[in-house]
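Everything below concerns the one structure shown next.
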Amino acid sequence: MSARRLLTIAALTIVAISIVSIVWLRAPRLTSRATPRAAAAPSPTAPAPPGRKIKARLFYVADDGMRLAGVERDIAYGEGASEQAREIVAAQIAPVVEPLVSAVPAGTALRAVFLTEGGEAYVDLSREVASAHPGGTLNELLTVYTIVNALTVNLPAVTAVQVLIDGKEVETLAGHVDLRQPLAKNLSWVQ
Amino acid sequence: MNARSIPRFSIAATLAISLGLAAALSSQAPASPSLTILSREGRRSIPIAMVADQEFVALDDLTSIFQLTTREDASGAVTVSYKGKTIILTPDQALASVSGRLVSLPAALTRNAGRRWLVPEEFISRALTLIYDARLDLRKSSRLLVVGDVRVPRLTVRYETVGPTAGRLTIDAVPRALSTVTQDADRLSVKFDADALDAPNVLLTPQPAPSLVTAVRVVDATTLAVDLGPRFAGFRATSQTLDATQRVVLDVLGQAQTDATPPPAGPPSQPALPPQPALPGPAEIPAFGQPTSAIHTIAVDAGHGGDDEGVHTAEGVKEKDLTLTVARRLKAVIEARLGLRVLLTRDDDRNVPIDERTSLANNNKADLFISLHANGSMRPTTTGAAIFCAAFDKDAAQAAAALGTERLPTFGGGSRDIEMVPWDLAQTHHLTQSEAFAALLQQQFHDRVPLASRPIDRAPLRVLESANMPAVLIELGYLTTPEQAKLLTSDTFQAAAVQAMFDAIVRFRDTLTPPGGTP
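Just so you know, the sequences run in chain order A and B. In this text, residue positions in the first sequence follow the working numbering: the first is 1, and each later residue adds one. In this text, residue positions in the second sequence follow the working numbering: the first is 1001, and each later residue adds one.
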């Protein structure tokens, strides 16, 4: 075997090892990116992706701006109460198009939903729910009760909901509504 | 002239109307009476002719002002036309046929020496108004004709002395016009939300010196001055709506009369004069700031502040600035008129934590807590003020009630029952009174501050829950609705809102204070 041939084999071996190493090191990250996240939840107005569906009553700002209006939608089926709660909130906060108007600020993402055995749900939202909130007592009430009612109306096992931001308890979203305790269903804010 | 052709009322026109009206009303020279005509386009006067004690105006004057056409036929009948509608007048009949309908007049059409046709003034209010396309409001006693939607309230003033140290000035405005009252040294200014005033220059002739109110006069287009006597000590203004009348009642209180001359220096053995019986209190006059009041301190919370701007508009109007402005105005009015202590949770542009706002009220034992805000909506057409009371879920209310009282030792021995209330549930003990105050606010906002379709609501609002006194949060309107934003930032609206809140406070205080007794 000539020296030139040995050099060629060595070069090819190094290239092969490099390729295998790159694939090995990158593979976990590519896998994690493929994990579904709440922000990518399907819009209630978008074509429904294939899969099992359930009917859910979601809430949007009524025409007069003073209350919420309930709208029945097909949303993704979730295996178990916790997963179903996550699907409901994801569908509720997803962007909508006119004539629907969401009381949840655009850009708000769902980080997690936790359920307790006592029937309380903790909905962890991204900071945009507060930082992008336009303010006003009524706006804030409608934002909060959009989330609270979406879960308590559609999941009988959920009796109260507390909104968290970035995993932490907060006093209010915009200076008005007390979020330090789970809030019970309140249909007086619904037409 | 078409009164609807100019939609906006210029300042110049306002001035012209007002000054002209004041001049007209003040110089009603009997030798040459005239009828003053006010419209959005300004002021004009036409002469009044007296025929057999009846006031007439020339038909051709009306023709030129109201763009009428007149035609006289061979029988002597005169036809007055406006946009296809007609009035037929006959010289020997005190009647007019208005589009075929007969209306009576106090006198028939007649001619003066110059052969001009004259019609009684009532021709305007009984016949012409039926064919004209703008409102014609003839006020004979003022010799005034108001055309269209010009706001010219007719003012009447009445002053009564109530006891030796108080008086009541009642000002009626018809049609209704809101007003604000401010004090400037020895004068109260009553400014009306109107284009002009239908009132003589002097509404109350100068009163003798001991009187608390010495005169009431018109000082500018829309303002009355109430001149005060040297014994004036304070006042309280309240506003009432009575059908078409807006009534402002100014209760004025004077310093107690004291004998100016010191008692003669007699020998020590001289028996002292028996104590004089206390002067009877003025009937129906509230005792301003007296210790008998159930309200001594009011906390006014200007919502948001600092980097927390609250709702803001594209034009740069910020909720935090609006609430501070209104809070300052409310404080000034309450302190000046009621002599109560008013605490502002912030008096500048800074961020105040919510608990700090309530702490200020609780620690100073405020008797009432008012949090001022401006609302926001995702819909651009939402309007109206709303009043919020705190809401608690059943568990929280039961938890607060279950704590009950605890017997604690007191300094110096003994013990005392202390009611235990969790900080966050303090408001549970005051909800009934908070709702009563909210109802009074709704009542006083009526006709003065546009209300939302559901003016009173209950919600778990953080700033109210810890307030250990009756507490409400007032959303004055929607900054996110352009027309509302314009309204909320106007001086007129803010003055009306402050007056309404003030009146509600006075009524709330009265409900807590038994007549003549300590609550």
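Where is the CB? At the ideal position from N, CA and C, for every residue including glycine. Note that the structure is a prediction, hence the values are computed from the model and not measured.
- The residue from 107(A), 183(A), 173(A) and 159(A) with its alpha-carbon nearest to that of residue 81(A) is 159(A).
- Close partners of residue 1310(B) in chain A (Cβ separation under 9 Å): 135, 136, 174 and 175.
- The C-beta of residue 98(A) comes no closer than 8 Å to any C-beta of chain B.
- Across the set 1510(B), 1145(B) and 1356(B), the C-alpha of 1145(B) shows the shortest separation from the C-alpha of residue 1154(B).
- DSSP assignment within the segment 1110 to 1179 of chain B yields the following whole beta strand (DSSP E) runs of 3 residues or more, N-terminal first: 1117 to 1120, 1136 to 1139, 1144 to 1147, 1154 to 1161 and 1166 to 1174.
- Contact check for residue 1136(B) against residue 1147(B) passes: the beta carbons are separated by less than 8 Å.
- For the options 1133(B), 1059(B), 1033(B) and 1367(B), the alpha carbon positioned closest to that of residue 1117(B) is the one of 1059(B).
- Judged by their CB atoms, residue 1134(B) and residue 1098(B) are not nearer to each other than the 8 Å cut-off.
- Following the DSSP letters along the chain, one finds residue 1482(B) in no beta strand (DSSP E) but inside the alpha helix (DSSP H) bounded by residues 1482 to 1488.
- Residue state for residue 1375(B) is assigned as strand, using DSSP reduced to three classes.
- For the set 91(A), 74(A) and 61(A), the Cα lying nearest the Cα of residue 53(A) is the one of 74(A).
- Excluding its 5 nearest sequence neighbours in each direction, residue 1296(B) has C-beta neighbours in its own chain below 7 Å: 1340, 1341 and 1367, listed in chain order.
- Using a C-beta cut-off of 8 Å, the segment 1051 to 1058 of chain B makes no contact with the segment 1165 to 1181 of chain B, since fewer than three inter-stretch Cβ pairs fall below that distance.
- Counting along the chain, residue 1465(B) sits inside the alpha helix (DSSP H) bounded by residues 1462 to 1465.
- The straight-line gap separating the alpha-carbon atoms of residue 1301(B) and residue 1482(B) is approximately 25 Å.
- At the C-beta level, residue 1458(B) and residue 64(A) stay beyond 8 Å of one another.
- Less than 8 Å separates the beta-carbon of residue 123(A) from that of residue 147(A).
- The distance from the Cβ of residue 1106(B) to that of residue 1120(B) is about 5 Å, consistent with a contact at the 8 Å cut-off.
- Of the candidates 1363(B), 1362(B), 1303(B) and 1313(B), the residue whose Cα lies closest to the Cα of residue 1346(B) is 1303(B).
- In the structure shown, the three-state DSSP call for residue 1469(B) is coil.
- Sixteen is the threshold: since fewer than 16 other Cβ atoms of the shown chains lie within 10 Å of the Cβ of residue 1050(B), the residue is exposed.
- Only exposed fits residue 106(A), as fewer than 16 other CB atoms lie within 10 angstroms of its CB.
- Shown here for residue 56(A): same chain residues with a beta carbon closer than 7 Å to its own, the five before and five after excluded, namely 73, 75, 88, 91 and 154 in chain order.
- For residue 1107(B), there is no enclosing beta strand (DSSP E), as DSSP gives it neither H nor E.
- Pairing residue 1215(B) with residue 1204(B) gives a Cβ-Cβ distance under 8 Å.
- An exposed status is given to residue 51(A), since fewer than 16 other beta-carbon atoms sit within 10 Å of its beta-carbon.
- Under the DSSP definition of a beta bridge, residue 1220(B) partners with 1223(B).
- Contact between residue 1504(B) and residue 1437(B) holds: CB atoms are separated by about 7 Å, below the 8 Å threshold.
- Neighbours of residue 1375(B) across chain A, judged by C-beta separation under 7 Å: 136, 137 and 138.
- Counting along the chain, the unbroken alpha helix (DSSP H) around residue 1059(B) starts and ends at 1059 to 1066.
- For residue 119(A), no chain B residue has a Cβ inside 9 Å of its Cβ, as the nearest lies near 13 Å away.
- In this chain, residue 1445(B) is not harboured by any beta strand (DSSP E); it is covered by the alpha helix (DSSP H) spanning 1431 to 1445.
- One thing to note: residue 129(A) has its Cβ within 8 Å of the Cβ of residue 108(A).
- With respect to chain A, the C-beta atom of residue 1359(B) has no partner C-beta closer than 8 Å.
- When 1046(B), 1075(B) and 1077(B) are compared, the shortest CA-CA separation from residue 1064(B) is found for 1046(B).
- In this structure, residue 1233(B) and residue 1250(B) do not form a Cβ contact; the two beta carbons are roughly 13 Å apart against a cut-off of 8 Å.
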